[in-house]
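Q: Sending over a structure as structure tokens; questions will come in a sec.
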Amino acid sequence: MFSSKPPKYQKRDNPNSDFCCVPKCAVSGKFNSTVSFHHIPKDETLRKLWMRNVRRENLVVKRTTTVCSRHFVSTDVIQGGRRHLREGAVPVLFAWNDYSLPAASVWERRPRPEDEGTEKENMDVELLLQCHDYDAKPEPSALDIAYEKIETQQLLIEELQKRLEEVTLTQSFGLERFSASDDDIRFYTRFASYRHLQAFWRQIEPATSRIVRVGTQPSTSSTTEAPVKAADPSRQTDQAMIIFINSKTFTSYQSRCLPLIDELFLFLVYLSLGLTEKDLADRFNIHQTAVSRIIKSWVHFLYTLLGAVRIWISPEEIRATMPSVFSKYSDTQVIIDHTELRCQMPSSLLVQSETFSQCKSHTTMKGMIGVSPHGAVTFVSSLYPGSVSDKELFRQSEIIPLLDKDLAVMVDEDFRIDDLVPCKVHRLSHLSHDEVLVTQDFAQLRMHVEKIIQRIKGIYLFDTVIPLSISASINQLFAVACLLTNYQNKPLVKAWAKELTLC
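Residue 1 is where the sequence shown starts when you use the numbering used here, and the numbers rise one by one after that.
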């Protein structure tokens with residue numbers, strides 16, 4: 001029969017405080033001299049193997065934490081002098097894996113009284129047993145730990161990627177950054193909302209595959225473009241998307257610095273705010289020459305695409321969409337107004353005299369716009385030197401053949417074209433404050449017309465002095481800016497919202 005009392009060991013002559021941290025191992029340096037104690041290695045990989053085999057839950061590794069030599073195979077313990085372990089040795093002999101443990105040697109017993117020191121030895125053994133957690137559960141294997149760490153790292157990587165995308169989106173200057181704010185969309189693009197801009201993009205996206213990038217070679221073609229006016233109603237959409245290419249002006253340029261929709265956004269920002277190419281290059285984080293190529297490519301593309309769409313409205317369509325404020329002028333077919341764009345003064349004195357406008361006291365380019373009563377742009381002329389008179393501008397714009405003799409033209413008070421048109425002329429006079437109070441109906445009509453014209457004149461690019469560097473494409477820029485107002489704005493009358501989402 002084995003005694004249930006704990007074994008009694010003879011003390012060493014020079015005891016030390018080392019003890020084994022393995023659960024259910026009661027060996028310490030106080031009683032045994034043939035057992036050596038080895039510190040847990042600092043190498044992370046080797047330490048994990050030791051900790052996995054020791055299987056002590058919540059073990060905190062300290063400078064005094066050791067494992068006795070009874071848990072190593074004999075070939076791992078190198079004898080002679082101070083015993084030490086072979087490099088890379090790992091403890092493998094434990095009670096949990098059913099390895100038989102070698103018996104611990106003790107010092108040779110010395111004669112002593114039977115009861116001497118018994119009580120103190122029992123206390124020492126009890127204290128030693130309290131230092132070990134014999135109820136510790138086996139720790140998970142190294143493979144399970146590795147899987148858990150991999151999953152944790154993957155979650156951390158996904159979170160960091162999400163944060164990086166958010167920071168990148170906040171710092172980048174592109175359409176996606178402002179997609180949640182219709183106010184920002186209106187400010188940067190003049191489109192009424194992000195939904196309107198996306199609707200316009202869906203219409204032109206199929207034709208974007210035909211965009212030909214403008215090269216750096218100077219254009220040899222004529223800079224004077226034909227007016228954007230009535231097109232053949234039978235013209236098909238596919239024909240409207242054909243781009244006519246001058247081989248000396250265009251070069252194939254396949255690589256892109258920005259996604260196509262961000263290129264459109266850049267072009268719209270350029271038109272709406274009149275920013276310089278250097279400013280746009282800094283905002284979009286691309287080279288200035290890339291900005292110049294994008295602007296030239298998109299103005300040629302949109303001029304060809306939008307300019308091929310029929311915008312002149314028939315008398316029947318005019319009558320069907322006539323606003324109530326035109327009740328006294330229900331025969332109005334088109335509202336004509338002109339605008340002047342200030343341009344950089346050329347070095348040639350002859351060109352200076354031709355472009356100098358007495359009204360603006362500056363060199364300008366003058367163009368004419370035709371707007372239907374319900375607010376759609378139906379005619380855009382080419383730009384002419386600022387010295388040309390309003391009457392001569394009207395004559396050269398080629399709008400006269402389009403006018404219906406049974407309808408009327410509405411113009412400003414000082415626009416004298418009565419002898420040029422085959423129809424009636426309505427004039428909007430400039431009323432004083434007192435006159436407005438008396439003639440409320442006419443004032444309401446005047447405000448309606450001003451609202452229509454302001455959509456075009458409010459483009460900031462045309463508020464600045466046009467540099468000579470873009471004079472070759474200013475006709476196209478002006479036409480595209482005018483035509484875009486048909487897509488950018490909501491209807492002037494709410495009742496038309498369902499019918500006139502896009503022209």
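All residues carry an ideal CB built from backbone N, CA and C; glycine is no exception.
Taking all protein chains shown into account, do 16 or more other C-beta atoms lie within 10 angstroms of the C-beta of Glu158, making it buried, or fewer, making it exposed?
A: Exposed, since its Cβ has fewer than 16 Cβ neighbours within 10 Å.
Q: Tell me, which residues are paired with Cys25 by DSSP?
A: The partner list for Cys25 (beta bridge, DSSP) is empty, contrary to what the question assumes.
Q: Per DSSP, Arg342 forms a beta bridge with which residues?
A: BP columns for Arg342 point to Thr364.
Q: Compute the Euclidean distance between the alpha carbons of Asn58 and Lys149, then round it to the nearest angstrom.
A: Whole-angstrom Cα-Cα distance: 18 Å.
Q: Between which two residues does the alpha helix (DSSP H) carrying His511 extend?
A: Residue 511 is absent from the model: the chain starts at 1 and stops at 503.
Q: Looking at C-beta atoms only, is the number of pairs between the region 350-366 and the region 377-388 that lie closer than 8 Å three or more?
A: Touching, per the Cβ criterion.
Q: Taking Ala207 as part of the beta strand (DSSP E), name the residues at either end of that continuous run.
A: Unbroken run through Ala207: none, as it is neither H nor E.
Q: What are the boundary residues of the beta strand (DSSP E) that Thr66 is part of?
A: Thr66 -> beta strand (DSSP E) spans Thr66 to Cys68.
Q: Are there 16 or more other CB atoms within 10 angstroms of the CB of Cys359, so buried, or fewer, so exposed?
A: Counting Cβ neighbours within 10 Å, Cys359 comes out exposed, since fewer than 16 surround it.
Q: Tell me whether Glu450 is buried or exposed, calling it buried when 16 or more other Cβ atoms sit within 10 Å of its Cβ.
A: With fewer than 16 Cβ atoms within 10 Å of its Cβ, Glu450 is classed as exposed.
Q: Which of the three DSSP states is assigned to Cys359 in this structure?
A: Of the three classes helix, strand and coil, the one that applies to Cys359 here is coil, per DSSP.
Q: Please say whether Leu268 and Gln333 have beta carbons closer to each other than 8 Å?
A: Taking 8 Å as the Cβ cut-off, Gln333 and Leu268 do not qualify as a contacting pair.
Q: Is the distance from the Cβ of Val67 to the Cβ of Pro91 below 8 Å?
A: The answer is yes: Cβ separation under 8 Å.
Q: Going by CA-CA distance only, name the one from His362, Cys343, Lys24 and Ile452 that's closest to Ala376.
A: Of the listed residues, the one whose Cα sits closest to Ala376 is Ile452.
Q: If Leu175 sits next to Asp262, beta carbons under 8 Å apart, how far is it from one beta carbon to the other, in whole angstroms?
A: That pair is a contact at about 6 Å.
Q: Go ahead and pull the three-state DSSP assignment for Leu93.
A: Reduced to three states, the DSSP call for Leu93 is coil.
Q: Report the rounded CA-to-CA distance for Val504 versus Leu264, giving the unit in angstroms.
A: Any question about residue 504 goes unanswered here, given that the chain covers just 1 to 503.
Q: Among His287, Gly274, Leu49 and Gly80, whose alpha-carbon lies nearest the alpha-carbon of Thr189?
A: Ranking His287, Gly274, Leu49 and Gly80 by Cα distance to Thr189 puts Gly274 first.
Q: Could you work out which residue in Gly81, Val309, Asp414 and Lys296 is closest to Asn475 when comparing CA atoms only?
A: Selected option, being the one with the closest Cα: Lys296.
Q: Go ahead and pull the three-state DSSP assignment for His448.
A: Here His448 sits in helix by DSSP.
Q: Just the Cα atoms here: how many angstroms apart are Ser172 and Phe284?
A: The alpha-carbon atoms of Ser172 and Phe284 are separated by roughly 7 Å.
Q: So, using beta-carbon positions, are Ile399 and Phe415 closer together than 8 Å?
A: In this structure, Phe415 does not lie closer than 8 Å to Ile399 by Cβ.
Q: For Ile78, tell me which candidate among Arg56, Leu46 and Ser36 has the shortest Cα-Cα distance.
A: For the residues Arg56, Leu46 and Ser36, the minimum Cα distance to Ile78 belongs to Ser36.
Q: Is the beta carbon of Leu341 closer than 8 Å to that of Phe462?
A: Yes; because the gap between Cβ atoms is below 8 Å, this pair is in contact.
Q: DSSP state of Ile336, grouped into three classes?
A: Strand at Ile336.
Q: Among Tyr303, Tyr147, Leu403 and Asp331, which has the Cα closest to the Cα of Ser473?
A: If we check each option's Cα against that of Ser473, Tyr303 comes out closest.
Q: Roughly how many angstroms separate the alpha carbons of Arg109 and Thr34, rounded to a whole number?
A: Model confidence at Arg109 stands at a pLDDT of 48, short of 50, so the residue's coordinates are unreliable and nothing is read from them.
Q: State the DSSP-derived secondary structure class of Met51, mapped to helix, strand or coil.
A: The answer is helix: DSSP assigns Met51 an H, G or I state.
Q: Rounding to the nearest angstrom, what Cα-Cα distance links Thr75 and Arg86 in this structure?
A: Distance between the alpha carbons of Thr75 and Arg86 is about 8 Å.
Q: Would Glu277 be called buried (16 or more neighbouring beta carbons within 10 Å of its own) or exposed?
A: Per the 10 Å Cβ criterion, buried.
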